[in-house]
Amino acid sequence: MSNIVVQKFGGTSVGSEERIAAVAKIIKKASEKDSLVVVVSAMSGETNRLINLANSFGENPSKREFDALISTGEKVSAALLAMALHQIGVEAKSYTASQISMRTTDSYSKAKILDVDGKKIEETLDAGIVPIITGFQGITDSGDVTTLGRGGSDTTAVAIAAQMKAKRCDIFTDVDGIYTTDPRIVPEAKKLDSITMEEMLEMSGQGAKVIQIRAVEFANKYKVPVRVLSSFESGNGTLITLEDNNMENGLVSGIAFQKNQIKFTLHGVSDTPGMAYGILGPLSDANIEVDVIVQNVSVNGKTDFTFTVSKEDEAIATDVINTVKESLEFDDLLIDSNIAKVSLVGVGMRTHAGIASTAFKALSEKGVNIQMISTSEIKITIVINENNVDNAVKALHTAFKLEE
Ligand code: ADP
Ligand code: ASP
Ligand code: MG
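Read in this note's numbering, the sequence shown has 664 at position 38, and its numbers run on one by one without any break.
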């Protein structure tokens, strides 16, 4: 087995000169044992600052220039971290996405990693130098800079770990592991020692931003062991296990939630073959991810078709639906931008009934109205009013005794 470990440090972990110096010490210590490849995010707040700057030149800046701009934060932290390492006697070199040929698709701000050339990284390791790589970005075949979506440095790290056949990818962040739910919303949330890849796919897919969904997908596809741990305190963190069984957890392992969602309802659409495809096909062509989808029983040949998308896709999705209206007749388009999704996740759901009713009871006792429900083998997702999210997550956390 290789002795390469990829370490990724998130924004808060490299959020100041002091933090960068602290991270350099973590790297120095770990480099005595393993061959390290490091991936960094921008200093905390920097990506938001750059996005705001871009928005001062109109609401729809050029996508190419937008990515060129918002990718710069990682360049700063990579170079600074290399300098901090030099200061404590560790040889290190920063690399941008183009220097290591991190090739992506050309869908700006949502680009997907195609491949990465491991040669430069390998040569650097062979020379006894720690490579520090900018997270969150790649280049297209024509050499333009792309970004991978918010939280994308996680994906950079796991993709590099897969390419280098690393023995592990360590995601260092500002919490000491993966919790039963976001500990900032439920302080009683419990840290998990491990979580299965399958559960983490659902947790991240449903909004647990502790690790980006694409990173978990890469880890699952290439069987990369991933650990989430704190850069602020020592500890073993949480291991995302490749095995399917999870002895530690009960029926529900965790609760994820996603705000900034939007619900589209096409009211009175004709219930004919090809209708769903007529709506969802063009959305998919526009690179918009659609999540919870519900079609009602039809009355007099007409039905309601409802689905959710992320709020950042609202403008494009609305355009697409209005274009669709030319070929697909419907009475009204209703848009609700005050919704959120809350999801219960656990492999235990496979073998146990009654989880949904426990959840619905807990929500009804808090007066939370459920607008949509969608289930899979190991997940129940409900769509509710955004104002109810914190209450709903707390109620469900208690109902399933996750703090115990
Ligand atoms: P980084 O900048 O290190 O990438 P992020 O802010 O992207 O950090 O992710 C860490 C945050 O994820 C935590 O501070 C926490 O608020 C949030 N989070 C959401 N769900 C969970 C969860 N289930 N377990 C731990 N943290 C979670
Ligand atoms: N800096 C980027 C962001 O804030 C990428 C990351 O932190 O992973 O989303
Ligand atoms: Mg993150």
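C-beta atoms are modelled at their ideal positions from N, C-alpha and C, and glycine is treated no differently.
Where residue i falls, given that 16 or more other Cβ within 10 Å makes a residue buried
i, result
"Leu679", "exposed"
"Arg976", "exposed"
"Pro813", "exposed"
"Asp693", "buried"
"Asn913", "exposed"
"Pro899", "exposed"
"Asn1014", "buried"
"Gly831", "buried"
"Lys1027", "exposed"
"Asp930", "buried"
"Tyr805", "buried"
"Gln713", "exposed"
The alpha helix (DSSP H) enclosing residue i, as first and last residue numbers
i, result
"Pro757", "Unbroken run through Pro757 is the beta strand (DSSP E), 756-760; no alpha helix (DSSP H)."
"Gln884", "Run containing Gln884: none in the alpha helix (DSSP H); it sits in the beta strand (DSSP E), 880-896."
"Asn922", "Element bounds for Asn922: n/a, residue is neither H nor E."
"Gly907", "901-911"
"Arg690", "689-696"
"Asp780", "779-789"
"Met823", "823-831"
"Lys1052", "The structure shown has nothing for residue 1052, since the chain only spans 627 to 1030."
"Ile942", "940-950"
"Ile1032", "There is no way to answer for residue 1032, as the model of the chain reaches only from 627 to 1030."
Ligand 2 heavy atom lying under 8 Å from the CB of residue i
i, result
"Thr1001", "no"
"Gln1036", "This structure does not reach residue 1036, given that the chain is present from 627 up to 1030, and the question cannot be answered."
"Ser667", "yes"
"Glu700", "yes"
"Thr772", "no"
"Asn674", "yes"
Range covered by the beta strand (DSSP E) that runs through residue i
i, result
"Ile1010", "1005-1011"
"Ser1002", "998-1002"
"Phe844", "Unbroken run through Phe844 is the alpha helix (DSSP H), 839-848; no beta strand (DSSP E)."
"Lys634", "630-635"
"Thr673", "No beta strand (DSSP E) contains Thr673, which is instead part of the alpha helix (DSSP H) from 672-681."
Simplified DSSP state of residue i, which is helix, strand or coil
i, result
"Ala708", "helix"
"Asn1017", "helix"
"Phe956", "coil"
"Lys967", "strand"
"Ser983", "helix"
"Gly974", "helix"
"Ala718", "strand"
"Gln713", "helix"
"Phe935", "The identity of residue 935 in the sequence shown is Val, whereas the question assumes Phe. In the structure shown, Val935 sits in a strand (DSSP, three-state: E or B)."
"Val702", "helix"
"Ile726", "coil"
"Asp741", "strand"
"Leu877", "coil"
"Thr867", "strand"
Heavy atom of ligand 3 within 8 Å of residue i beta-carbon
i, result
"Lys835", "yes"
"Thr949", "no"
"Asp780", "yes"
"Thr799", "yes"
"Gly636", "yes"
"Gly777", "yes"
Rounded Cβ spacing between residue i and residue j (contact assumed at less than 8 Å)
i, j, result
"Thr782", "Phe762", "6 Å"
"Gly1075", "Met669", "With the chain covering 627 to 1030 only, the question about residue 1075 has no answer from this structure."
"Ser779", "Lys634", "6 Å"
"Lys992", "Ala1018", "7 Å"
"Val946", "Pro908", "5 Å"
"Leu676", "Leu706", "Actually they do not touch by this definition, with Cβ atoms about 16 Å apart."
"Ile765", "Ser720", "Actually they do not touch by this definition, with Cβ atoms about 16 Å apart."
"Thr772", "Tyr734", "6 Å"
"Gly744", "Gln789", "5 Å"
"Thr807", "Ile919", "Actually they do not touch by this definition, with Cβ atoms about 25 Å apart."
"Ile786", "Val632", "5 Å"
Ligand 1 heavy atom lying under 8 Å from the CB of residue i
i, result
"Ala723", "no"
"Thr1032", "Since the first residue of the chain shown is 627 and the last is 1030, residue 1032 is not available in this structure."
"Ser670", "yes"
"Ala882", "yes"
"Met829", "yes"
"Arg810", "yes"
"Thr807", "yes"
"Ala648", "no"
"Ala966", "no"
"Gly803", "yes"
"Ser697", "no"
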